[in-house]
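Peer 1: Numbering (the numbering used here), first residue to last: 574 to 1309.
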Amino acid sequence: MSKFNLSKTQEETINKLLAQMTIEEKVGQMHQLSPSIVGGFDVSFEELIEMVTDGRISNEEFGKIMASAERDFHEDDIRAGKVGSYLLNDPKKANELQRIAVEESRLGIPLIYGFDVIHGFRTTFPIPLAEACTWNEKVFEASAEIAAREASAHGIHWTFAPMLDIARDARWGRISESAGEDPYLGSVYARAKVRGFQGADPSDREHIAATLKHFAAYGAVESGQDYNTVSMANSMLHNGYLPPFQAAVEEGALTVMAAFNDYNGIPCTVNSYLLRKVLKDTYGFGGFVVSDANAIRECVSHGIAEDLADASRKAADAGMDMDMGSGAYHGHLAQQAADGEVSEEVLDEAVRRILTVKMALGLFEHPYVEEERMAKYDGALDAIHLGTAFDAAKRSIVLLKNDGILPLKKTQTVALAGALADDGENCLGAWNADGRGSDCITVKAGLERAGVSVTYAACCDTESEFRPAELAEAAKNADVIVAVVGETNAMSGEAASRADITLPGHQRELLKAALATGKPVVAVLMNGRPLALQWEQEHIPAIVESWQLGITHGDAVAAVLLGDYNPSGKLCATFPAVTGQCPRCYNHPNTGRPGSKSKFTSRYLDAPLEPLYPFGYGLSYSEFLYSDLIIYENADVFQVSVTITNTGSLTGEETAQLYLRDVTASIVRPVKELKAFRKVTLAPGEAQKITLIVKKCDMGFYNDDMEYCLEDGRFIFYVGGNSRDCLQAERYVHFL
Ligand code: GLC
């Protein structure tokens, strides 16, 4: 078990508590209480979830019940030591319940409060898919640190983030919560997020426990359909999906959340290969594993458990330490341990892990949130937090196309079209914790705050018919049309897979009408996933990907449109040309018949071979020329240098990317794998030689038996500003 720098005294306290605890009290620590509904609705939260899942009640009815019902916090269970944690964002209630746990229960073990603080708490940052396009670990860490500072003031000890799922299928709504398709970039992101959320000392009351989720391979759900089954070779899991988790465990992450899906037929919730062999034994993970919401109960639906009792036993034996909201452990585990169906050692291990995390968070020393901190971020937004969010937001924007009409001049009059342009709520993205749409700077507000003369017309939203007269009126005296199109928050995130990822509704009609005016047209996208934009790429002169950037969305978009910020974002996920190309990623095997124009190769009859925008792609108002690729080798590393010249007229930031291909190996390897990247800022005409390093020990791969293999052979080195357009050189590598 990797220690979290607990002192000897702290370790002894845990040992003493364990020795004193009854079986019921041990199970209590393993039980996270979901909100239970009382007062007129005699169903538990879990049953309510089942009712809305199988359609017995609508989402609206579910929302009404949740809003109007009084939560039952089971205070007597806390007194009896039968509750260890809550999913809770309510500082006053948190202190109230904590007082019962600490002062009225037999052993006084504090509760741990978890909540989904995914991309900001009160100051909402860009969605993770957007932020990952900054390729900037300082940005990754800073947003997590600020989220932790704001959430801890609100009595939250633990966030269910970062989501580290590698996502290669844009139909899957939760790609919005991910850092995209690449394990190397995902690992850089993972480490930075753990540092940001947990800090150097997670017990300092300004930081919170991180959760590595969803373990594992949730992003590979079949047909991009949320909660669907996952099958893949173990080698693909270890090479393509787990590196961010391993990196984050090494960084000291305190908790992990198991995924809803099965992995090769065994639900992750009861999968001892994943939870014990890989995570705890091989990675040495020393914190605790929590199930996803109600996931232990869902093992019955999976068909791996006969009933809740069977699910309880299987989850505990597989290494699931805490049950989020299913009630399985609460209802069955104590008896199962008493009857010897589940060894008490299983409980002891789980409880030791949970107490270790509570100790590492300092909850035994300071279980309460200070009154004076509770409302610290409820009022005016913190200026430093806002500034950091703005920096992250503008860096997250990716310029996909520009035939020269960008940047705009402030003297140009803009006809601004699209309901999303004046919609603060849909700047937030999925999972916005305490974020408020009313705080968000819309694109309309951003342009107006930048001093641009704007005539606005909604014209259509993501569902309504397009109203041409509104556009005609707004565009009459305008120099340029800026059309803001895309998705609402609800069209991505959890339970929001789309089988057609073109622009929803009639938004393309808006774009066509804008083109028909004969005026220059800029499309600004607000969306939570890569979209299929083949028509837009062919017809719209400028396309800006602005995602859902959170609280400073409009200011960031205005800064880019007006050239106050030269766009530097690089895609962390591939954009397919059409939905039918999904799933799509750059790091795919070559196959025996790599796609080409000839018929009998890996291709489509009715769609292009290549994706629309590749991984790592992003334009700038500058132009960057790559030259002089030189490779140096010593015993341990390859030093790959290249000269980059800014041939444009504006200073700009470029992210140089280094990819490798292991040409021949004992299993087929991807045609490219990202191994390093470096940012460089160049003035017009400036050239700089940069060097990227690849350690030889990182040039291997895992086989199906999780053995790491370094095999001599030919390697191709690629360097460029995206995964497609690269300089390349081949070397024969002999590993000592
Ligand atoms: C959800 C999500 C998970 C989240 C949890 C608690 O179903 O899958 O990511 O952290 O429940 O809200």
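Positions of the beta carbon are idealized from the N, C-alpha and C atoms, including for glycine.
#1: Nearest by alpha-carbon distance to Asp1052: which of Met1064, Leu979 and Arg1009 is it?
#2: What's the gap between the Cα of Thr1147 and the Cα of Pro1184?
#3: Please say whether Leu1265 and Val1210 have beta carbons closer to each other than 8 Å?
#4: Please find out if some non-hydrogen atom of the ligand GLC comes closer than 7 Å to the beta-carbon of His787.
#5: Quick one: grab the DSSP three-state call for Tyr791.
#6: In its own chain, which residues sit with a C-beta less than 6 Å from the C-beta of Phe833, not counting the 5 before and 5 after it?
#7: Got a sec: does the ligand GLC put a non-hydrogen atom nearer than 7 Å to the Cβ of Ala866?
#8: Examine the ligand GLC and report whether any of its heavy atoms sits within less than 7 Å of the Cβ of Glu824.
#9: So the candidates are Pro735, Leu973, Trp731 and Gly952; which of them puts its Cα closest to the Cα of Tyr1194?
#10: Please state whether DSSP places Trp731 in a helix, a strand or coil.
#11: Do Glu1067 and Gly746 have their CB atoms nearer than 8 Å?
#12: Identify every residue that forms a DSSP beta bridge with Tyr1380.
#13: Could you pull the DSSP bridge partners for Asn975 from this structure?
#14: Please classify His1112 as buried or exposed, where buried requires at least 16 other C-beta atoms within 10 Å of its C-beta.
#15: Run through the DSSP bridge pairs and tell me what Arg1304 is partnered with.
#16: Is it buried or exposed for Phe1308, if we count other Cβ within 10 angstroms and need 16 for buried?
#17: Which residues bound the alpha helix (DSSP H) around Met1279?
#18: Hey, would you say Glu1246 sits closer than 8 Å to Phe1197, going by beta carbons?
#19: Whose C-beta lies closer than 6 Å to the C-beta of Ala994 among residues of the same chain, with five residues either side of it excluded?
#20: Apply the 10 Å Cβ neighbour rule to Asn709 and answer buried if 16 or more other Cβ atoms are within range, or exposed otherwise.
#21: What residues are listed by DSSP as bridge partners for Tyr659?
#22: So, for Leu1083: in the same chain, excluding its five sequence neighbours on each side, which residues have a beta-carbon less than 8 Å away from its beta-carbon?
#23: Determine the contact status of Gly1168 and Leu1182, defining contact as a CB-CB distance below 8 Å.
#24: Please determine, among Lys637, Met932, Asn662 and Gly654, the residue with the shortest C-alpha to C-alpha distance to Lys581.
#25: Applying the criterion that 16 or more other CB atoms from any shown protein chain within 10 Å of the CB defines a buried residue, is Tyr1305 buried or exposed?
#26: Tell me which residue opens and which closes the alpha helix (DSSP H) that Gly1127 is part of.
#27: Note down the Cα distance separating Asp883 from Leu906, rounded to an integer number of angstroms.
#28: In whole angstroms, what separates the C-alpha of Ser1200 from that of Gln1230?
#29: Spatial neighbours of Thr1224 within its chain, please: C-beta separation below 6 Å, excluding the five flanking residues on both sides.
#30: Given this structure, state the Cα-to-Cα distance separating Tyr762 from Leu1106, to the nearest angstrom.
#31: Determine the DSSP secondary structure at Gly1191, reduced to helix, strand or coil.
#32: Within 10 Å of its beta-carbon, does Phe1173 have 16 or more other beta-carbons around it, so buried, or fewer, so exposed?
#33: When you compare the CB positions of Gly657 and Val942, do they come within less than 8 Å of one another, or not?
#34: At 3 residues or longer, what runs of the beta strand (DSSP E) sit wholly inside the stretch 805-864?
#35: Give me the Cβ distance between Ala740 and Gly792, rounded to the nearest whole Å; I'm assuming they're in contact under 8 Å.
#36: Can you give me the C-alpha to C-alpha distance between Val803 and Tyr836, rounded to a whole angstrom?
Peer 2: Once the coordinates are examined:
#1: Leu979
#2: 7 Å
#3: no
#4: yes
#5: helix
#6: Tyr800, Asp865 and Ala868
#7: yes
#8: no
#9: Leu973
#10: strand
#11: yes
#12: Only positions 574 to 1309 of the chain appear in this structure, which leaves residue 1380 out of reach.
#13: Ala1115
#14: exposed
#15: Phe1288
#16: exposed
#17: From DSSP, Met1279 is part of no alpha helix (DSSP H); its letter is neither H nor E.
#18: no
#19: Val1016, Lys1017 and Val1057
#20: buried
#21: Leu606 and Tyr686
#22: Ala990, Gly991, Cys1032, Cys1033, Phe1039, Leu1044, Ala1056 and Val1058
#23: yes
#24: Met932
#25: exposed
#26: His1126 to Leu1134
#27: 10 Å
#28: 13 Å
#29: Ala1256
#30: 27 Å
#31: coil
#32: exposed
#33: no
#34: 828-831 and 861-863
#35: 4 Å
#36: 5 Å
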